[in-house]
Amino acid sequence: MRKLIAWDMISLDGIFSRDDGDLDWFVFEEEIERYILSTQSGIDTVLFGRKTWAGMKDYWKAADGTLADRMNRVEKVVFSRSGTNPDWENSRIVTGDVAAEVNRIKAKPGTDIFVFGSADLTKTLIREGLIDEYRIGINPVILGGGVPFFKGGEPEHKLKLTEAKPLKSGVVILHYVPEGARTATAPA
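Each residue of the sequence shown is one higher than the one before, counting from 0 in numbering that gives the first Met the number 0.
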């Protein structure tokens with residue numbers, strides 16, 4: 000079965016985005032890009048909530064480079080209660096049962112599946128026990144407010160640290176798996 004990995008950048012105080020959705024505080028430089036390219040080279044499916052998908056779509060459709068090519072090429076599954084026009088290459092909209100669709104995707108042949116951003120969707124995935132690994136990039140900033148990544152109401156579960164990678168920029172990338180979970184990853 001394919002593994003679902005939640006990858007997100009948060010502030011030191013656990014904020015996912017400013018209230019207006021602004022992400023200008025993210026550290027994104029060459030070392031982080033190399034990390035992403037090496038650890039996500041084989042992915043073929045990305046899950047998004049509607050709001051994160053819309054923001055990512057606008058950015059990546061206009062971007063150039065290896066990472067942009069990859070983001071535009073992979074299958075993008077967008078979970079939306081209202082539906083939307085899937086006007087980004089290889090995007091499809093799912094308005095039905097999140098858990099059923101994610102279990103269907105995980106059972107299909109393929110490589111690891113990622114969910115980027117999408118705090119509301121991630122909360123649902125946590126509640127349903129569908130996340131196999133968390134990769135969190137903690138940015139060296141305290142925002143003091145905004146949208147928290149973990150919104151509360153998620154079930155308690157213990158995690159095991161499998162990797163900690165401090166970067167020169169001050170970002171620290173942490174990999175966790177739920178206790179008792181398999182820890183093998185797809186080749187980088």
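Even for Gly, the Cβ is constructed at its ideal location relative to N, Cα and C.
Quiz item: Is it the case that the Cβ atoms of G136 and V170 are separated by a distance below 9 Å?
Solution: V170 is positioned such that its CB atom lies closer than 9 Å to that of G136.
Practice problem: Let me know if N84 comes out buried or exposed under the rule of 16 or more other beta-carbons within 10 Å of its beta-carbon. | Solution: For N84, the number of other beta carbons within 10 angstroms of its own is below 16, and it is reported as exposed.
Exercise. Output the distance between the C-alpha atoms of A61 and A118, rounded to the nearest integer angstrom.
Key: The alpha-carbon of A61 is positioned some 24 Å away from that of A118.
Practice problem: Could you name each continuous alpha helix (DSSP H) segment of 4 residues or more that falls completely within the segment 92 to 144, going from the start of the chain to the end? | Solution: Listed in chain order, the complete alpha helix (DSSP H) runs (minimum 4 residues) inside the segment 92 to 144 are 97 to 106 and 118 to 126.
Practice problem: For G145, count neighbouring C-beta atoms within 10 Å of its own C-beta (all shown protein chains included) and say buried if the count is 16 or more, exposed if not. | Solution: Result: buried.
Practice problem: Evaluate R91 with the Cβ neighbour count: other Cβ atoms within 10 Å of its Cβ, from every protein chain shown; 16 or more gives buried, anything less gives exposed. | Solution: Counting Cβ neighbours within 10 Å, R91 comes out exposed, since fewer than 16 surround it.
Practice problem: Using only alpha-carbon positions, find the residue among F78, G82, R80 and M55 that is nearest to N71. | Solution: Comparing alpha carbon positions, the residue from F78, G82, R80 and M55 closest to N71 is M55.
Quiz item: Alpha carbon to alpha carbon, how far is L158 from V176?
Solution: Between L158 and V176, the C-alpha separation is close to 5 Å.
Quiz item: Under the three-state reduction of DSSP, which class applies to S168: helix, strand or coil?
Solution: Note: S168 maps to coil in three-state DSSP.
Practice problem: Out of L173, H174, F149 and V73, point me to the one whose CA is closest to T123's CA. | Solution: Among L173, H174, F149 and V73, the Cα nearest to that of T123 is on F149.
Quiz item: Among the residues of its own chain, which have a CB less than 8 Å from the CB of V93, if the five just before and after it don't count?
Solution: A distance below 8 Å between beta-carbons, with the five flanking residues on each side excluded, links V93 to the following residues of its chain, in chain order: V76, V77, F78, S79 and E100.
Quiz item: Can you tell me the Cα-Cα spacing of D131 and S40, whole angstroms?
Solution: Looking at the two C-alpha atoms, the distance is approximately 18 Å.
Quiz prompt | Option nearest D86 by Cα separation, candidates N102, D57 and A5 | solution = Among N102, D57 and A5, the Cα nearest to that of D86 is on D57.
Quiz item: Is DSSP giving M199 helix, strand or coil here?
Solution: An answer regarding residue 199 cannot be provided, because it is not within the stretch 0 to 187 covered by the chain.
Quiz item: K50 by DSSP, collapsed to three states: which one?
Solution: In this structure, K50 counts as helix in the three-state DSSP scheme.
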